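FYI, the numbering for the sequence shown is 12 to 386, going by the numbering used here.
Note that the Cβ used here is the ideal one computed from N, Cα and C, for glycine as well.
These numbers come from a predicted model, not from an experiment.
Shown next, in structure tokens, is the structure this report addresses.
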Amino acid sequence: MEKTELMFEGSVKNVLKIPQSGDFIFEYSDRFSVFDWGAMPDELEGKGAALASMANFFFNYLGKKESWLDWDLPEELKRYRFNPLLESFKRQGMSHHGVGLGTGNNQYKIKPVEVFKPKYLGNNEWDYTVYREKPVNCLVPLEVVFRFGVPRGSSLLKRTENPDYVKELGLKQAPLIGEKFAKPIIEFSTKLEPSDRYTAYEGARDIAGLNETEFETLKDFVSLVALRVKDIFKEIDVELWDGKFEFAFGEKDESGNRSFTLVDSIGPDELRLTYKGTQLSKETLRKFYRKSEWYKTVEKSKIIADERGDKDWKEVCLKEFNAVPPQLDPILKNACEEMYKSLAQSLNKKFNGEDVFKTCWNLDQVIENIDGDIK
């Protein structure tokens, strides 16, 4: 077994370093987090192994040029300027930081990138000056959100009350619940602040120090990968509604524009998926907690902390309201454990002919025990 050093312990996964090779390892735990709280009281058995399996599957699949050579854009999207990037994927596959599975069944090896955290200035303001120096081989300080549809409760509905934002997203009018898009809607939120904060396009470019060419390339990258992942899930009768990706800056080309590499993970914690109208994602867990008094207190604490210019809303929730999350319903807990394993099994069986969780439930059994209606 390779010698490792613990570099970072997160709420749901640990980051280890392999001194001999310089590679890092994502060690996915069975912990889960919702609403930026951190580790919740319960653990979902098998979740970590399933997430490692799905990270390995998607990075392997998308990183192969063969996965792009036999795929073409939907007819209605061929008028968009995806061709230069799509041709690059067809020549050499999608760029990613994945290396392969680690020695443990919940481990996935990656090539590390630098992370430059912004400085907190107080009053909910952050200093991203370091990104204006155009660094390379470092994390892009944004989460990029893509949306193929608008399910009930989507946070997009709040932001599209602003007509200027609607126009920026390329929409003619504010979307309605249930509406779907052939070309995904792209949004941006902060990545390296205590709570995710959505920002308009100009703000996203400024935070990450992106020039116009880099910004358009990033949006194209997101659209193409989202469309390809959507078709992958379609092969196992699962529908992809929305999700988020994270990126690192690659090297500069002759014009000084940086390329991008997909980092972090792809799986149900980053995606909103449904099977026969039932959610198969972390949204299922969020739905359970939204009914609790704890969730109402979390929302109240965020408002109070924001008004005070205090970045630590969790401290408000714990110390001023003495509010902690409740434990999951046992039936839901079991169903969610099987959900993660069933998705990993379905993907690997369909595309690789491999059984990674041979005794897990099938997707029909999972949705019988989950209250996750998308409508």
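Continuous beta strand (DSSP E) stretch holding residue i: start and end
| i | result |
| --- | --- |
| A259 | E250 to K263 |
| I29 | Segment: none, I29 is in no beta strand (DSSP E) and carries neither H nor E. |
| K191 | K191 to T201 |
| M18 | E16 to E20 |
| S270 | R269 to V274 |
| G282 | Note that residue 282 is Leu in the sequence shown here, rather than Gly. Per DSSP, L282 belongs to the beta strand (DSSP E) from L282 to Y286. |
Same chain only: Cβ atoms within 8 Å of residue i, ignoring 5 sequence neighbours per side
| i | result |
| --- | --- |
| D384 | In this prediction, D384 scores a pLDDT of 48, lower than 50, which makes its location untrustworthy; the coordinate-derived value is nonetheless stated afterwards. So the qualifying residues of the chain are G288, T289 and Q290. |
| F19 | N25 and V26 |
| T228 | L96, N268, S270 and F271 |
| Q103 | K76 |
| E399 | The displayed coordinates of the chain run from 12 to 386. Any statement about residue 399 would go beyond what the structure contains. |
| L187 | V161 |
| E172 | A185 |
| K14 | I29, P30 and Q31 |
Residue j beta carbon less than 8 Å from that of residue i
| i | j | result |
| --- | --- | --- |
| K58 | E348 | yes |
| W48 | K330 | no |
| E250 | Y212 | no |
| L358 | I247 | yes |
| K28 | V156 | no |
| F192 | G160 | yes |
| L235 | F68 | no |
| K101 | K122 | no |
| V327 | S312 | yes |
| L55 | K344 | yes |
| W252 | P162 | yes |
| N105 | L273 | It should be noted that the sequence gives Met, not Asn, for residue 105. A contact, by the Cβ cut-off of 8 Å. |
| P152 | K120 | no |
| D53 | L339 | yes |
| V124 | L150 | yes |
| Q376 | V367 | no |
| Y286 | I378 | yes |
| D323 | N135 | no |
Neighbourhood of residue i by C-beta distance below 7 Å, restricted to the same chain and skipping five residues each side
| i | result |
| --- | --- |
| G133 | G320 |
| V233 | V155, F157, I197 and F256 |
| K361 | E246 and I247 |
| F70 | H107 and G109 |
| E225 | N268 and R269 |
| G278 | L62, M65 and A66 |
Limits of the unbroken alpha helix (DSSP H) element including residue i
| i | result |
| --- | --- |
| T308 | E304 to R319 |
| L358 | P341 to N363 |
| T295 | E294 to R301 |
| Y176 | P174 to E179 |
| T228 | E223 to K245 |
| I218 | Y212 to A219 |
| E379 | L374 to E379 |
Other residues of its chain near residue i: CB distance less than 6 Å, five sequence neighbours each side excluded
| i | result |
| --- | --- |
| D138 | P129, K130 and L132 |
| Q31 | none |
| S276 | A66 |
| V141 | F127 |
| Y39 | K24, G59, L62, A63 and N117 |
| E16 | K28 |
| R170 | Y176 |
| S22 | S44, G49 and A50 |
| R297 | V45 |
| I315 | V327 |
| S266 | none |
| D206 | The question names Asp, but residue 206 is Ser in the sequence shown. For S206, where only same-chain residues beyond five positions count, the Cβ hits under 6 Å are D47. |
| R283 | W252, D253, S292 and E294 |
| D231 | F93 and L96 |
| E310 | none |
Test: residue i CB closer than 8 Å to a CB of chain C
| i | result |
| --- | --- |
| N333 | Going by chain labels, chain C is absent from the structure shown, which holds only one protein chain. |
* Report yes or no: do three or more beta-carbon pairs, one from the stretch 365–385 and one from the stretch 72–88, lie closer than 8 Å? => no
* **Segments of 4+ residues assigned as alpha helix (DSSP H) that fall wholly inside the stretch 104–171** => 167–170
* Asked: Do three or more CB pairs link the stretch 63–72 to the stretch 348–357 at distances below 8 Å?
  -> yes
* **Inter-stretch contact (C-beta, 8 Å, three-pair minimum) for the stretch 112–125 and the stretch 227–246** => no
* At least 3 beta-carbon pairs within less than 8 Å: the stretch 214–225 vs the stretch 180–197 -> no
* Count the C-beta pairs between the stretch 145–154 and the stretch 256–267 that are closer than 8 Å, then say yes if the count reaches three, no if not. => yes
* To do: List in chain order: all unbroken beta strand (DSSP E) runs of 3+ residues lying wholly within the stretch 25–105.
  => 35–39
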